[in-house]
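Worksheet for the structure shown next.
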Amino acid sequence: MKKTLIAATAISLSAMALTACGSDSDSSAGADGDSGNGSITMGFAQVGAESGWRSANTKSIEDSAKEAGIDLKFSDAQQKQENQIKAIRSYIQQKVDVIAFSPVVETGWDTVLQEAKRANIPVILTDRAVDSEDTSLYKTFLGSDFVEEGQKAGQWLVDNAADSDVDGDGDIDVVQLEGTTGAAPAIDRGEGFADAISADPKISVIASQTGDFTRDGGKQVMESFLQSEKGIDVVFAHNDDMGLGAIEAIKAAGLTPGKDIKIITVDAVKDGMTALAAGEINYIVECNPLLGPQLMDLAEKVVAGEDVPERVVTEETTFDQEQAAEALPTREY
């Protein structure tokens with residue numbers, strides 16, 4: 001899939017330097033009066049509150065806006081694109097200084113972003129990309145490299161193939177719990193994973209279905225996989241919450257997660273890291289949600305008319321069981 005955005009020059013920032021990759025509609029972080037000089041008003045359209053990662057992301061944005069003295073108008077799209085488009089149009093009508101959002105899906109944004117451009121309101125993409133030929137519709141994209149996250153997950157499986165053939169039949173059968181259909185992380189993590197495992201013909205994805213990035217969705221899909229697929233060796237979940245749902249389903253089936261079925265996830269939120277430290281998950285690729293400080297810095301720059309990179313990529317790591325146990329005591333999310 002062609003992504004003009006991904007072709008942009010990537011600028012890598014240290015995660016430490018970045019301070020660590022459900023709210024009512026139109027709430028304001030500056031409502032208590034502690035919003036600094038009020039010189040910048042940001043309209044932020046969040047995907048929703050579908051996971052622990054998303055909740056941490058929202059808190060980081062709200063806290064960072066308050067600290068930076070930016071008046072934040074926040075909306076929760078409840079994972080519906082039409083709600084985000086409605087929120088963005090509301091921000092345009094309110095004549096905010098800058099709009100930021102994490103798009104529910106990649107496509108279908110050109111019309112509303114053209115409206116923001118005509119209103120001379122700069123737009124910042126955060127966490128997720130859009131698929132558009134017109135890169136002038138947004139100033140920058142701040143977030144993780146989802147393809148690389150999928151590649152890291154797949155490479156771990158390739159490197160640990162011998163231990164991942166749980167049923168000993170010589171093949172490694174993987175089921176994949178996908179994120180929201182059409183969402184950038186779901187598309188890119190799937191592509192990256194497929195690219196990495198192609199190095200070992202013994203590894204194959206035998207079933208793949210969306211769990212919509214939710215714990216309940218992961219549980220339901222995994223229950224279905226356990227009934228329809230025989231000899232599952234590995235689960236690759238596009239986020240921790242779906243992986244945690246899969247753990248519940250695996251346990252309910254009388255199996256031991258992390259042993260009878262290996263589990264690989266993406267995010268590294270506390271619940272996921274706790275499961276990893278306990279051996280119920282085998283490997284986690286980090287996706288840092290604490291993007292608030294970077295977002296506010298970029299917002300101040302674009303409102304001031306300063307040049308910013310077209311692509312800002314957060315630097316992230318991976319965790320095995322021992323590393324998770326070491327990191328948990330100081331984990332921020």
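Those letters in the sequence shown? Residues 1 to 333, by the numbering used here.
By construction, the Cβ of each residue, glycine as well, lies at the ideal position given by its N, Cα and C atoms.
For this session: Leaving out five residues on either side along the sequence, give the residues of the same chain with a beta carbon under 6 angstroms from the beta carbon of Glu280.
Result: Along the sequence shown, one-based indexing puts residue 280 at 280. Closer than 6 angstroms at Cβ, skipping near neighbours: Ile247, Pro257, Gly258.
Exercise. If we ignore side chains and look at the alpha-carbon of each, how far apart do Pro329 and Ser55 end up?
Worked result: Indexing the sequence shown from 1 puts residue 329 at position 329. Indexing the sequence shown from 1 puts residue 55 at position 55. Pro329 and Ser55: Cα-Cα distance of roughly 20 angstroms.
Exercise. In chain order, what residues of the same chain have a beta carbon less than 6 angstroms from the beta carbon of Ala253, not counting five sequence neighbours either side?
Worked result: Position 253 of the sequence shown holds residue 253. Hits under 6 angstroms: Leu226.
For this session: Determine the contact status of Leu125 and Tyr138, defining contact as a CB-CB distance below 8 angstroms.
Result: Within the sequence shown, numbered from 1, the residue matching residue 125 stands at position 125. Within the sequence shown, numbered from 1, the residue matching residue 138 stands at position 138. Yes, these two residues count as a Cβ contact at 8 angstroms.
Exercise. Helix or strand or just coil, what does DSSP make of Pro257?
Worked result: As a first step, residue 257 is located in the sequence shown; it is residue number 257 there, counting from the start. The answer is strand: DSSP assigns Pro257 an E or B state.
For this session: Over the uninterrupted beta strand (DSSP E) stretch that includes Leu88, give me the two end residues.
Result: For the purposes of this step, residue 88 is identified with residue 88 of the sequence shown, where counting begins at 1. For the sequence presented, residue 88 should be read as Ile rather than Leu. Run containing Ile88: none in the beta strand (DSSP E); it sits in the alpha helix (DSSP H), 81–93.
Problem set entry | Own chain partners of Ser23 with C-beta closer than 6 angstroms, once the 5 adjacent residues on each side are dropped | Residue mapping note: residue 23 aligns to position 23 of the sequence shown, counting from 1. In this predicted model, Ser23 has a pLDDT of only 32, less than 50, meaning its place in the structure is not dependable; the value taken from the coordinates is given anyway. Phe74, Asp76.
Exercise. With 16 other CB atoms within 10 Å as the buried threshold, where does Glu326 fall?
Worked result: On the sequence shown, residue 326 is found 326 positions in, with the first residue counted as 1. Under this definition Glu326 is an exposed residue.
Exercise. How is the beta strand (DSSP E) around Val98 delimited, first residue to last?
Worked result: To locate residue 98, count along the sequence shown from 1; it is residue 98. Run containing Val98: 98–101, per the beta strand (DSSP E) assignment.
Problem set entry | Runs of alpha helix (DSSP H) wholly within the region 262–327 (minimum 4 residues, chain order) | 270–277, 292–303, 321–327
Problem set entry | Pairwise C-alpha distance: Gly69 and Glu62 | By 1-based counting over the sequence shown, the position of residue 62 is 62. By 1-based counting over the sequence shown, the position of residue 69 is 69. Rounded to whole angstroms, Glu62 to Gly69 spans 11 angstroms at the Cα level.
Exercise. So what does DSSP say about Gln78, is it helix, strand or coil?
Worked result: Taking the first residue of the sequence shown as 1, we reach residue 78 at position 78. Coil.
For this session: Can you grab the Cα-Cα spacing for the pair Ala100 / Asp145, in whole Å?
Result: On the sequence shown, position 100 is the one that residue 100 refers to. On the sequence shown, position 145 is the one that residue 145 refers to. Their Cα atoms are separated by approximately 18 angstroms.
Exercise. With distances taken between CB atoms, is the gap from Gly143 to Gly192 smaller than 8 angstroms?
Worked result: Working through the sequence shown from its first residue, we reach residue 143 at position 143. Working through the sequence shown from its first residue, we reach residue 192 at position 192. Cβ atoms of Gly143 and Gly192: not closer than 8 angstroms.
For this session: Give me whichever residues DSSP pairs with Glu178 in a beta bridge.
Result: In the sequence shown, counting from the first residue as 1, residue 178 sits at position 178. Its beta-bridge partners are Thr210.
For this session: Might you give, ordered along the chain, the residues of its own chain that have their beta carbon closer than 6 angstroms to the beta carbon of Ser12, omitting 5 neighbours on each side?
Result: Reading the sequence shown from its first residue, position 12 is the one you call residue 12. Annotation note: pLDDT 37 at Ser12 (below 50); position unreliable, no value reported.
Exercise. Which one of Ser39, Ile40, Gly52 has the shortest CA to CA distance from Lys270?
Worked result: Locating residue 270 in the sequence shown gives position 270, counting from the first residue. Closest by alpha carbon: Gly52.
Problem set entry | Cβ pair Thr107, Gly182 closer than 8 angstroms | Counted from its first residue, the sequence shown places residue 107 at position 107. Counted from its first residue, the sequence shown places residue 182 at position 182. Contact: yes.
Exercise. Do Val166 and Lys262 have their CB atoms nearer than 8 angstroms?
Worked result: What you label residue 166 is simply residue 166 of the sequence shown in a count that begins at 1. What you label residue 262 is simply residue 262 of the sequence shown in a count that begins at 1. Contact flag set, yes.
Problem set entry | Best match in Ala186, Lys117, Glu178, Ala299 for proximity to Ser208 [C-alpha to C-alpha] | In the sequence shown, the residue the question calls residue 208 occupies position 208. Taking only the C-alpha atoms, the option nearest Ser208 is Glu178.
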